[in-house]
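Throughout, the working numbering is defined as the position within the sequence shown, counted from one, plus 622.
Here is the structure we will look at, set down as structure tokens.
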Amino acid sequence: MAKKNFTVEDLKRWQQRGLLSDDQLKAILAVEGLEAEPEAPGAKEKKAGLNLVTVAYYFGGLLAFFSLTFFVGMNWEELTDESRLVVALLALLIIGALGVWLRFRQGYPTAGGLLLFVATAILPLFVYTVQQQLGFVFDEVAALYVILIGLAGALAALIFTRFFLISLLVAGFIHAAVLDIAFIGGLGGDWPLILTAAVCGGFILLGITLTRRGRKFYAFWFKLYGLVGLYIAFTSLFVQSEGILLGLLFLLVYLIMVGFSLRFREVIYLIFGAIGVYTYIVRLSFDTFQGTVYFPLLLGGIGISIIVLAVLYQRYGTRLFRRRS
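Here it is as structure tokens:
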């Protein structure tokens, strides 16, 4: 028998017919990580998924974010303090208001959410310009205030909008706050990398917890930030170190990651676990065989093994990562 797929609209229709109670509907939405958006007259946004409209939304949102970053980096010093404040305030208000209007008034939750993501990212810039107007010296302590206000704004935006991508900003602000506190405390050397690895490991565990509680869309961005940050920081420590124990710890962490992929049926852990294991193998191979006649053959063997693993994944991946019903 063919499997039927049901949408949030179907669930809401069944609720209206009395087949589901309000509590049952909320429980189903929570378990599946969905949200029932308030319907607005004339709403025409397509269902979320990989389609042309969604790609256009995210491309436009990221383009706006990076263009503002580029503008700040290239032209900020040429503006007066008053001009900086006006630019930051207008950008925050206009983009934020447009995002609220589209998401909550016009029924375009993704388009509006992306604009609110950009507005939330602008908040620290606005706080910084206010500090400059008030004559504050921008040092590590002043930077911490900017980051903490940005974190508070991101948490408020996440709670208010329930737009999952803002979780990425929350993770970024927490990470930045930890590093800034470390700088204030005089921690240098490898400590920023160590703290980054620890914080990002915490984000991975937070993502697992959120997934198990039915908040998988929020969890994804915390896990992604954590996995990328952990790999960058841990690999930097591993490459710089000559110790055997750190190398074994590196290998153990990414073998555990592969285990996570099987335990939680999530491919993202397998991807980063495999990358980590191969990083360990390549580093070990370079240290052991570089400069010998067998080194090119070893690299070729690693390349062939990657192809074989890709074939095995295509053959058995669906069975391994099939969601439990």
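C-beta: ideal position from N, C-alpha, C; glycine also.
Among the options, which one has its Cα closest to the Cα of residue i?
| i | options | result |
| --- | --- | --- |
| Phe894 | Leu859, Tyr767, Asp812 and Gly851 | Gly851 |
| Gly775 | Gly794, Gly807, Tyr767 and Thr742 | Thr742 |
| Thr691 | Val740, Gly721, Gln646 and Ala678 | Val740 |
| Gln753 | Leu737, Leu738, Ile771 and Leu736 | Ile771 |
| Pro746 | Tyr767, Ala896, Thr676 and Val677 | Tyr767 |
| Arg725 | Val933, Val904 and Phe782 | Phe782 |
| Leu736 | Ile788, Leu701 and Gln728 | Ile788 |
| Phe825 | Trp813, Ile806, Gly808 and Ala793 | Ala793 |
| Thr751 | Phe786, Leu777 and Leu701 | Leu701 |
| Gly865 | Val889, Tyr853, Asp909 and Gln646 | Asp909 |
| Gly682 | Ile890, Ile717 and Gly808 | Ile717 |
| Tyr902 | Ile890, Val889 and Ile924 | Ile924 |
| Gly987 | Leu773, Phe856, Glu762 and Thr676 | Outside the shown range of the chain (623 to 947) lies residue 987, about which nothing can therefore be said. |
| Trp843 | Ala686, Gly808, Phe805 and Ile890 | Ile890 |
| Phe786 | Leu934, Leu738, Glu762 and Gly810 | Leu738 |
| Gly922 | Gly823, Val904 and Leu874 | Val904 |
| Glu951 | Trp813, Phe687 and Ile806 | Nothing about residue 951 can be reported from this structure: the residues present for the chain run from 623 to 947 only. |
Look at the alpha carbon of residue i and the alpha carbon of residue j, and state the distance between them as a whole number of angstroms.
| i | j | result |
| --- | --- | --- |
| Leu791 | Ala799 | 12 Å |
| Arg834 | Ala841 | 9 Å |
| Ser858 | Ile796 | 21 Å |
| Leu892 | Ile926 | 19 Å |
| Met879 | Leu684 | 29 Å |
| Gly898 | Lys634 | 44 Å |
| Glu699 | Gly848 | 33 Å |
| Ile830 | Ala764 | 34 Å |
| Ala779 | Gly881 | 34 Å |
| Gly596 | Tyr876 | No answer is possible for residue 596: it lies beyond the span of the chain, which begins at 623 and ends at 947. |
| Val749 | Leu715 | 13 Å |
| Ser689 | Ala710 | 14 Å |
| Ala719 | Arg937 | 49 Å |
| Leu827 | Val821 | 10 Å |
| Leu832 | Leu919 | 44 Å |
| Ile744 | Val722 | 15 Å |
| Trp636 | Leu642 | 6 Å |
| Pro731 | Gln646 | 23 Å |
| Arg727 | Thr818 | 40 Å |
| Leu931 | Ile769 | 42 Å |
| Leu906 | Ala896 | 15 Å |
| Lys845 | Ser863 | 26 Å |
| Tyr679 | Ala649 | 29 Å |
| Ile854 | Val861 | 11 Å |
| Pro663 | Leu674 | Note that Pro663 scores a pLDDT of 49, beneath 50, so its modelled location is shaky and nothing firm can be said. |
| Ile929 | Arg784 | 40 Å |
| Pro802 | Leu815 | Checking the displayed sequence, the identity of residue 802 turns out to be Asp instead of Pro. Each residue's Cα considered, the two are about 13 Å apart. |
| Thr839 | Leu777 | Sequence inspection shows Phe at residue 839; the Thr mentioned does not correspond to that position. Roughly 16 Å separates the two Cα atoms. |
| Ala804 | Gly811 | 11 Å |
| Gly808 | Leu874 | 31 Å |
| Leu712 | Glu631 | 37 Å |
| Tyr900 | Gly640 | 55 Å |
| Gly729 | Phe687 | 23 Å |
| Gln638 | Leu651 | 16 Å |
| Gly823 | Leu773 | 19 Å |
| Phe856 | Asp644 | 46 Å |
For residue i, would you say it is in contact with chain B, using Cβ-to-Cβ distances shorter than 8 Å as the test?
| i | result |
| --- | --- |
| Ile716 | In the structure shown, chain B cannot be found, because there is only a single protein chain. |
Run through DSSP, which three-state label would residue i get?
| i | result |
| --- | --- |
| Glu661 | Below a pLDDT of 50, predicted positions are generally treated as unreliable, and Glu661, at 49, falls in that range; no measurement from the model is reported. |
| Leu651 | helix |
| Leu633 | helix |
| Asp644 | helix |
| Val749 | helix |
| Val763 | helix |
| Gln638 | helix |
- Message: Quick check: the region 756-768 against the region 698-708, are at least 3 beta-carbon pairs closer than 8 Å?
- Response: no
- Query: Are the region 854-870 and the region 885-892 touching by the rule of at least three beta carbon pairs closer than 8 Å?
  - Reply: no
- Task: Within the region 861-940, note down every full alpha helix (DSSP H) run reaching 4 residues or more, in order along the chain.
- Result: 866-886 and 889-911
- Item | Segments assigned beta strand (DSSP E), at least 3 residues, entirely inside the region 668-746 | none
- Message: At 4 residues or longer, what runs of the alpha helix (DSSP H) sit wholly inside the region 767-824?
- Response: 788-806
- Task: Can you check the region 824-865 for any alpha helix (DSSP H) of at least 4 residues that lies completely inside it and give the ranges in chain order?
- Result: 838-862
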